[in-house]
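Everything on this sheet refers to the single structure shown next.
Residue numbers (the numbering used here): 135 to 223.
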């Protein structure tokens, strides 16, 4: 259930007054808070993947979490490619 809440939470943060930073300092705080939220899902084993959060042309978070391949210990990164199969059905 928690994994389905991650996207709405991140979207809400990006459009809320909390997500509207006025300076680089508050952008850093917003980025840190977003990272903390995503890490809580990773720590609970509810998420592994890559996250990109941007406001306008400014990137707030672009990071990989967990492993892309657990067998080989390959970490996820911002440029990790995922096989998504058919998402139009």
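Just so it is clear, CB atoms sit at the ideal spot from N, CA and C, and this is done for glycine as well.
Given the structure is predicted, the values throughout are model-derived calculations rather than measurements.
Query	Result
Hey, quick one: how far does the beta strand (DSSP E) through residue 193 stretch, first residue to last?	192 to 199
Can you round the beta-carbon distance between residue 183 and residue 200 to whole angstroms, since I take them to be within the 8 Å contact cut?	7 Å
Determine the closest residue to residue 196 out of 204, 179, 202, 187, with distance taken between C-alpha atoms.	187
Excluding the five sequence neighbours on either side, which residues of its own chain have a C-beta within less than 7 Å of the C-beta of residue 214, listed in chain order?	184, 198, 202
By how many angstroms is the C-alpha of residue 168 removed from the C-alpha of residue 193?	12 Å
What residue range does the beta strand (DSSP E) around residue 184 cover?	183 to 189
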